[in-house]
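The opening position of the sequence shown corresponds to residue 1 in this note's numbering, with each subsequent residue numbered one higher.
Where is the CB? At the ideal position from N, CA and C, for every residue including glycine.
This report refers to the structure that appears directly beneath it.
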Amino acid sequence: MSLDDADVPGWTAALGIPGLYDVHVHFMPPAVMDRVWEHFDVGGPLLGREWPITYRGSDDERVQQLRDLGVRRFSALPYAHKPGIAEFLNDWAARLAGDVPECLRSATFYPEPEAASYVAARIEQGVEIFKVHVQVGDFDVRDPQLDKVWGQLADAGTPCVIHAGSGPVPNSHTGPGPVLEVLRRHPRLTAVIAHMGAPEYTEFLELAESFDRVHLDTTMAFTDFFEQMAPFPRELLPRLAELADKVLLGSDFPNIPYRYAHQLESLERLGLGEQWLRKVCWDNANALIG
Ligand SMILES: [Zn+2]
């Protein structure tokens, strides 16, 4: 039995939650998004395989698609892949959040001399979620230029989505080791590990078990697409059930090679129950971010 996008509002209502809270959605300035999509179209070296994108409309069309799905809150998660562009992305994301009430105020940063000052300003302005992409940005989270930034985020309690897992293609900075070192220095950091840490599921799950404020986002995990590349070890399911309060729905919309509903049916078929799904799809992010 497969779930279609049109069935999603009914699926959510049957769970008894007001909608979906998706912490891992991408909106970027159109010229940047076009370049990202070109990269996906050719199955570039950071992807390692074909990756046809399902939702390629304009920003307005994609906002409407999320509304039709009943996604009541979503992030915009721009990410900087080089120095000097984070604030351009952050300005754009601030305008989007101003125009679209469901959109979380989202921002990014990169290891560069100005990072601590613009991150402090963005926290002051009420940014609700940050994102860094170690796999695309190819930087070390232990970079000394980020030490103050991690401290600021830990003090503020603002979540930061970190793509640090070695999927889909590793680089010399991906993997759980560097993130563990950052957490040892900043144990109160609200890190949201993107993609459940795929393919290093076990190690990142241990971080969520070990540090109070480390969460995991479900982005693309458990889908047929990810299961072919990096299957989630079934023996971890009991621990995933235990972590019910620390798993957040993420989808990677719009950059997904399948319909949105497939992420939800992939969560449901884990068999962890309706209470787990309610927490993951709404309650946890609502409690963390509001
Ligand atoms: Zn993403």
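Taking only the alpha-carbon atoms, compute the straight-line gap between H24 and R62 and give it to the nearest angstrom. Counting from one through the sequence shown, the residue named residue 24 turns up at place 24. Counting from one through the sequence shown, the residue named residue 62 turns up at place 62. Rounded to whole angstroms, H24 to R62 spans 14 Å at the Cα level.
May I ask which residues mark the beginning and end of the alpha helix (DSSP H) holding Y201? Along the sequence shown, one-based indexing puts residue 201 at 201. That run of the alpha helix (DSSP H) goes Y201 to S210.
How should V169 be labelled, buried or exposed, when 16 other C-beta atoms within 10 angstroms of its C-beta is the threshold for buried? Residue mapping note: residue 169 aligns to position 169 of the sequence shown, counting from 1. Looking at its Cβ environment, which holds fewer than 16 other Cβ atoms inside 10 Å, V169 is exposed.
Less than 6 Å between C-beta atoms, sequence neighbours within five positions excluded: which residues of the same chain meet that for A120? Counted from its first residue, the sequence shown places residue 120 at position 120. Same-chain partners within the cutoff: Q152.
Using a threshold of 8 Å, state whether the C-beta atoms of S266 and Y260 are closer than that. Your numbering for residue 266 matches position 266 in the sequence shown. Your numbering for residue 260 matches position 260 in the sequence shown. Their beta carbons are not under 8 Å apart, which means S266 does not touch Y260 by this criterion.
Pocket of ligand 1 (residues with CB nearer than 7 Å to any heavy atom), chain order: H24, H26, L77, H163, A194, T219, D252 and N255
For D22, does the three-state DSSP call read helix, strand or coil? The count along the sequence shown starts at 1 and reaches residue 22 at position 22. Residue state, collapsed to three classes: strand.
Should Q145 and P113 be called a contact, given that it needs their Cβ atoms to be closer than 8 Å? The sequence position of residue 145 within the sequence shown is 145, counting from 1. The sequence position of residue 113 within the sequence shown is 113, counting from 1. Result yes, Cβ atoms of Q145 and P113 sit closer than 8 Å.
Just to confirm, are R105 and G19 a CB contact at a threshold of 8 Å? As a first step, residue 105 must be located in the sequence shown, where it is residue number 105. As a first step, residue 19 must be located in the sequence shown, where it is residue number 19. No, these two residues do not count as a Cβ contact at 8 Å.
Segments assigned beta strand (DSSP E), at least 3 residues, entirely inside the segment 99-138: 106-108 and 129-133
Please check the pair H195 and G165, which I expect to be a contact at CB under 8 Å, by giving their CB distance rounded to whole angstroms. The count along the sequence shown starts at 1 and reaches residue 195 at position 195. The count along the sequence shown starts at 1 and reaches residue 165 at position 165. Sure, about 6 Å apart at Cβ, within 8 Å.
CA-to-CA distance, G84 to R269, given in whole angstroms: Translated into the one-based positions of the sequence shown, residue 269 becomes position 269. Translated into the one-based positions of the sequence shown, residue 84 becomes position 84. Whole-angstrom Cα-Cα distance: 43 Å.
Can you tell me whether DSSP reads V42 as helix, strand or coil? Translated into positions along the sequence shown, residue 42 becomes position 42. Coil.
With DSSP as the reference, label H163 as helix, strand or coil. Here residue 163 refers to the residue found at position 163 when the sequence shown is read from its first residue. Looking at H163 - three-state DSSP - the assignment turns out to be strand.
In angstroms, rounded to a whole number, what distance separates the CA positions of A107 and E124? Taking the first residue of the sequence shown as 1, we reach residue 107 at position 107. Taking the first residue of the sequence shown as 1, we reach residue 124 at position 124. Roughly 12 Å separates the two Cα atoms.
Pairwise C-alpha distance: P111 and K82: Against the sequence shown, residue 82 aligns to sequence position 82. Against the sequence shown, residue 111 aligns to sequence position 111. Answer to the nearest angstrom: the Cα atoms are 9 Å apart.
Which runs of the alpha helix (DSSP H) at least 4 residues long sit entirely within the segment 224-272? Give them in chain order. 224-229, 237-242 and 261-268
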